[in-house]
Amino acid sequence: MAEAYSFTLLVELGNPDVPKVQNKLIKYFQSKKSNGGDCLVEVSNGQRAVVRFRTEEARQKVLGKQVHEIKLDQGVLKLTVRLPPDGVTSSQETPSAVNSGKPNTAATGPKDLLQGGNTAPPEIQGEMVSVSAPTDEEEQGSTSALLENIQEKNFSLEILPDSCLAVVTFQNAKATEHFMSSCPGNRKFMQKQLRVKPLEVTAKVKVENIPPKFSSEHLSLHYDKYEVVEDVIMTEEDQSAIITFQDPKAVDRILKQQHKEMKVFPFYESLGMALYGKDRPTLKLPAAFTENIDQAIWRYLSDKQGVAETIHKNMADHFCKVDFQQPTVQLSPLPSLLQQKDVEAKHINKWKTTAKAVFIQALSKFKSLELQIQANAWEAHEGAIHKEMSGEAVVVVPDKPRGIVKVVGLEEDVDRLKQTLNGIMDRIANSIEREKTGITEEFPLPPSIYHILLQDGLQDKIAGEFPELKMTYNHQNQSVILFGLTQEVLGANRKFMEGGMAVKRRMVQLDNYVFEFLQKNNEGDEEQFTSTLFTSQGINAGLELERKGVQLLAVSEEVLSEAENQLDTLLISQYIDVEDSNVLKMSEWQDLVTDLEKAFNTPSKKCIIRTPGVYPSLQVVISGYKQTVDSVRKKVDDYLCQNTPVDETLEVKSKAIVKFIEEHNKNAWSDKVKDTVKVSFKDKAICLSGIRVYVKDCMDFFQNFISSTSFDILRVSKPGGKKFFQEKEAMCVEEVLRQTGCVVHLVEKDDQTVQAMEDTDQKGFGSHGKSLQQHNHPTFSTQNQHRLIQSRDGSDRVQTKEGLTIILMKGNIQDATTQVVVNTVGLDLLLHSGAVSNAILKAAGPRLQDLINEQGPAGSAADGAVIITDGCNLKSKLVFHTIAPKWDQGKGAAQKVVSCPHISLTS
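Anchor point for the sequence shown: position 744 equals 744 in the UniProt record's numbering, and the numbering is continuous, going up by one each time.
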């Protein structure tokens, strides 16, 4: 029969350490997951398996599937399926059946069962067959007679209970072959639609009556003395196990042994059961049954696991297992029912009656109280009951379709809570009655007054006098809505009217832009705005915006004054003059305004930015909370300062330097200026025009460029030299440029530029009278010049040879926007003693004098010493106070004064 499975596939296993892999492979290749069918499986060395199918169609379907894998408890077993290599035939791969020499058994079944299904028959033994058989005794007798008609002697018959199969055992293979060949020709056999099928050689036994504490490991060790045990599958319900051996011959050896406690029977996978012969047990567990219980009680048991566990223990004492998964409770017998000593059939038959009675008795301890609820008050009733029962050992089960709520628990708990639940129902009924007889009144009240009255405690007063009165405020209609009995509504209305009439009012005038800020922010959440202005500061006041100004409201004149001071302190406007309106047309300005409005968008940090006026008298006005306005003002000032157009001029003494930069080094500065700064070159100057931030950057660049450019004067004193250079000027200039990269510019001896440079060379500008030769400087260089620069704001800038830029401006020193203000102060350290220092003190504030005094007592600092302090209210960050002596009519104090600026600058 093994030759019937002749269509072979080779399977490589992705994981060689999978337990029970042969069983898993049989189940997989016989299932729809693999597209396979009836087959045999043989595993070798745990890494490869041979699968033999009964039909070529099944094999091709398996090959056609792209991916084969088996899901495990942990991970996935991947399979690689392919045809066997050439030269290996299917018959060569098919194992031969093993004959144990024992009389063999056969089983028969109906046509649909014996066609194979999804169960792969193991190796075939020629002396055992299965035949389909009826279940009633009369038909079983006729089946036995029919088999005797076919096979006169030398066989035994075992009818399998609860199935339609019978197992026929013959004495030898010849009798088996005769029986199987004779069945298709027997007319009655075919009329009854009986089928015959050979049984496999089994390597499995079923062990029963296993001791309770025996595990699969114990069984494996116990039976390993007969043959290597391949697998043990325990069944705790009836204390049995299926044991699989590697060699089927082990089954015969075990069956021949006598077993005192445990009983052993051959187990056949094709039958799905063991063959008992004359030793088949007669007792079995009774069938499970169901009981319907009240859904409310079932819900209670589901929520109270401790109570359900008590029932489980009680029912277990009567050999019953209870399943509370559904309201239709299932009660099943425990395997221990059959393990009782001297158990008889009558005990089994009485089990259901006993289990049912005990279960009903257990449920009688619980009670369900049903409360009827009106449909229009369902939420109120259900919520109140849930709230009241939250701390109790009961469960509330709503049933809205039926209009009821059930309270479930132990009988004594439900009885104790019955009065409380009835009280809840009465209160809600009264509430419903109030809904029917009550009235609703709505009267206008501005939100500002409503807020003041609530903060003054009016709501608590009304709630104390009319506790069941409902009061709400309609912000859209700006009105109060009252609902309750007539006398309650009238009483509350009267209190609101009296409170509103007692509110005091005061009209205040504010800056126009502060007023606009209030209008914009009062359009949204007025209550939140009022809270930010007044309530958060402990001021119970409100405001109303009118055409003439702001109307403040409060319960007293004193609170009105506090509210007015709060407005003056908290809200301000700052005005900034704009020199050039073009800076407000730039995209950067719009981006700045957008970013500032986003950054300061919380209720207590808002502001608005406006640009009123007509060119050229434009302004930027910032209005809002003072702290926010100050922060925004700094950012706007920085923007206007950096983006104002300016014209700057760098004076250069030599045309040659200008020509050298303009014509021969254009690549060095053209990328720097690009389209941001306009550069023009004159005979002795470089002019820059554009936005301040870009012009300043380019100024530094050109200053460094000029400083790094060397310059010298060469006098031609030899006879004929002047004429030669005048006649060959173009050639000389071009040749010098080609060979040295330098630019030559010819000038007359009496040229004013040459004369000025010679004078500067002789005087040694910036070297305090020392000659240039003493410094080892070249004859002349731009590093020995000072540069006079005029800007659009009228200021003059002078740069010394050391690179120091001095800006000369006319104005008040206390308004200077530099990083540092340098001031002189006497040995007494008193700022008010000098005109300039007194002006600085007034602008900075008295804190400036305190900071000087903290440095030490008067007279402790020497002449020329510098005290550095914070700028306080000045626009400059720091103030350098230089200690200067008083004028002594030319007795030496002047020399000390000369050193003071140097000390201040180095400090």
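No residue lacks a Cβ here, since even glycine has one placed at the ideal position from N, Cα and C.
For residue i, which of helix, strand or coil comes out of DSSP?
i           : result
residue 914 : An answer regarding residue 914 cannot be provided, because it is not within the stretch 1 to 907 covered by the chain.
T472        : strand
L808        : strand
S672        : Rather than Ser, the amino acid found at residue 672 in this sequence is Lys. Three-state result, K672: helix.
C39         : strand
D17         : coil
I373        : coil
N186        : coil
F701        : helix
T119        : At T119, the pLDDT of 35 sits below 50, so the modelled position is not reliable; the number obtained from the coordinates is stated separately. Three-state result, T119: coil.
L72         : coil
A241        : strand
L194        : coil
F324        : coil
S604        : coil
G720        : coil
K158        : Just to set this straight, residue 158 is Glu in the shown sequence, not Lys. In this structure, E158 counts as strand in the three-state DSSP scheme.
C687        : strand
Tell me which same chain residues have a C-beta within less than 8 Å of the C-beta of residue i, skipping the five on either side of it?
i    : result
T611 : V578, L584, L618, Q619, V620 and V621
G834 : T824, V825 and G826
L458 : K495, F496 and G499
V744 : A656, C732, V733, V736 and L737
E564 : R506, V508 and L552
A316 : L334
Let me confirm a value: residue i is counted as buried when at least 16 other C-beta atoms fall within 10 Å, else exposed. Which label applies?
i    : result
D38  : buried
S336 : exposed
I868 : exposed
L808 : exposed
N643 : buried
I806 : exposed
R59  : buried
R52  : buried
E488 : buried
P266 : buried
P19  : exposed
L746 : exposed
E648 : buried
G464 : exposed
C607 : buried
S270 : buried
S573 : buried
Leaving aside the five residues before and after residue i along the sequence, list all residues of the same chain whose C-beta is less than 6 Å from its C-beta, in chain order.
i    : result
N118 : Only weak support exists for where N118 lies, its pLDDT of 32 falling under 50; the coordinates are left without a value.
S332 : A288 and K321
L596 : V632
Y226 : A250, R253 and I254
M471 : L482
K367 : E411 and V414
K356 : none
H386 : V396
Going along the chain, which residues of its own chain have a beta-carbon closer than 7 Å to the beta-carbon of residue i, five neighbours each way excluded?
i           : result
A49         : V11, L13, L25, V41, E42 and V43
residue 909 : Here the chain has residues from 1 to 907 only, and residue 909 is not among them.
T782        : Caution is warranted here: a pLDDT of 35 is assigned to T782, below 50, making its placement in the model unreliable, and the coordinate value is therefore given only provisionally. Cβ neighbours of T782 beyond the five flanking positions: I657, I706, S707, T709 and F711.
residue 987 : Coverage of the chain is limited to positions 1 through 907, which leaves residue 987 absent and any answer about it impossible.
N521        : F529 and K606
What are the partner residues of residue i, as DSSP defines its beta bridges?
i    : result
R715 : For R715, which the question treats as bridged, DSSP gives no partner whatsoever.
F7   : F53
Q574 : I622
I233 : I242
M128 : T169
Q330 : T290 and D323
P444 : S479
Segments assigned beta strand (DSSP E), at least 3 residues, entirely inside the stretch 494-563: Segments of the beta strand (DSSP E) lying fully in the stretch 494-563: 504-508, 541-545 and 550-554.
Length-filtered (3 minimum) beta strand (DSSP E) runs lying within the stretch 800-880: For the stretch 800-880, whole beta strand (DSSP E) runs of length 3 or above, ordered along the chain, are 805-808, 820-825 and 866-870.
Length at least 4, wholly inside the stretch 608-646: the alpha helix (DSSP H) runs in chain order: The DSSP assignment places 626-643 as complete runs of the alpha helix (DSSP H) inside the stretch 608-646, in order along the chain (cut-off: 4 residues).
Completely contained alpha helix (DSSP H) runs for the stretch 250-316, where each covers 4 or more residues: Counting whole runs of 4 or more residues, the stretch 250-316 contains the alpha helix (DSSP H) stretches 295-303 and 305-316.
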